[in-house]
Ligand SMILES: [Zn+2]
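Numbering (this note's numbering), first residue to last: 549 to 814.
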């Protein structure tokens with residue numbers, strides 16, 4: 549089969565995973581069990597019809613409204629499904645072409661790398677949405693992500709000392725701020741997410757992810773202030789930007805670093 553057929557299948561699988569991500573985020577917030585049966589309309593509590601569980605398409609088929617009570621269904625559902633699908637496809641193509649992969653991995657291990665990346669991507673998506681919507685970075689998402697990132701990297705041949713140190717340094721960077729500000733600048737969740745970044749990306753790409761997160765946070769913050777959507781005082785959830793920065797650094801880290809370093813070498 550040609551690569552694009554595999555990519556299409558993987559992307560469709562990603563859309564299904566996106567559907568699960570929505571369920572996990574929502575049910576974690578409502579403290580329902582993740583497996584507690586079929587989704588219900590949040591307004592009228594009618595179970596969603598089987599056909600309407602088809603990701604993305606069903607949202608447009610019902611024009612974003614509940615069939616029973618006509619209440620508006622959040623656009624978060626189809627957006628998360630579509631983005632997860634695209635992300636799965638992108639990560640698959642990147643792994644298959646072995647684009648910008650860590651030096652310690654042999655090209656023959658590309659499927660393991662793909663597995664590592666999609667697993668981390670799913671956790672980062674959940675962390676992104678949860679912090680964006682509810683303002684918390686939960687340990688039940690960061691701790692498994694830490695374990696997965698480190699276990700995959702070590703199994704694939706990464707230098708244990710380098711990756712352990714990267715996690716400690718980036719986590720420590722937040723821990724210092726946490727202590728200085730007595731927990732007012734950042735929360736404990738940021739420290740755990742920092743450890744994930746180091747364990748997943750190593751020091752060089754981890755620091756790049758940190759830089760990208762601050763940059764994205766500053767840009768979005770300025771746009772929100774300029775459009776008066778938020779005041780100077782209200783904060784934008786930082787875990788959202790850390791998750792995004794980590795994903796961008798994972799995929800485009802080498803491209804960005806080469807461009808940046810090339811820019812300054814005459
Ligand atoms: Zn309803």
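Note that beta-carbon positions come from the ideal geometry of N, C-alpha and C, so glycine has one too. Since the model is a prediction, treat every value here as computed from it, not as a measurement.
- Minimum Cα-Cα distance from residue 802 among the listed residues 791, 770, 773 and 752 corresponds to 752.
- Taking the Cβ atoms as the reference, residue 790 lies roughly 12 angstroms from residue 756, outside the contact range of under 8 angstroms.
- Residue 612 is positioned such that its CB atom lies closer than 7 angstroms to that of residue 621.
- Residue 745: member of the alpha helix (DSSP H) spanning 736 to 774, first to last residue.
- Taking one beta carbon from each stretch, the region 685 to 705 and the region 640 to 648 have fewer than 3 pairs nearer than 8 angstroms; the two do not touch.
- In this structure, 754 is the residue among 754, 773 and 806 with its C-alpha nearest to the C-alpha of residue 710.
- Restricting attention to 716, 702, 584 and 629, the CA atom closest to the CA of residue 566 is found in 629.
- Look at residue 630: its beta carbon is at least 6 angstroms from all of the heavy atoms in ligand 1.
- Ligand 1 approaches residue 591 closely enough that one of its heavy atoms is under 6 angstroms from the residue's Cβ.
- Residue pairing of residue 620 in beta bridges, as defined by DSSP: 613.
- Residue pairing of residue 588 in beta bridges, as defined by DSSP: 595.
- Counting C-beta atoms within 10 angstroms of its own C-beta, residue 672 has 16 or more neighbours from the protein chains shown and is therefore classed as buried.
- In the three-state scheme derived from DSSP, where H, G and I count as helix and E and B as strand, residue 800 is classed as helix.
- The beta-carbon distance between residue 743 and residue 715, rounded to whole angstroms, is 4 angstroms. This is short enough to meet the 8 angstroms contact definition.
- In this structure, residue 677 sits away from residue 748, with a CB-CB distance that is not shorter than 7 angstroms.
- Ligand 1 has a heavy atom closer than 6 angstroms to the beta-carbon of residue 619.
- Secondary structure of residue 699 (DSSP, three-state): helix.
- A residue is called buried once 16 or more other Cβ atoms fall within 10 Å of its Cβ, and residue 585, having fewer, is exposed.
- Taking residue 637 as the centre and dropping the five residues before and after it, the same chain places the C-beta of 555, 558, 559 and 562 closer than 7 angstroms to its C-beta, in chain order.
- The beta carbon of residue 666 is closer than 7 angstroms to those of 636 and 639 in its chain, skipping five residues each way along the sequence.
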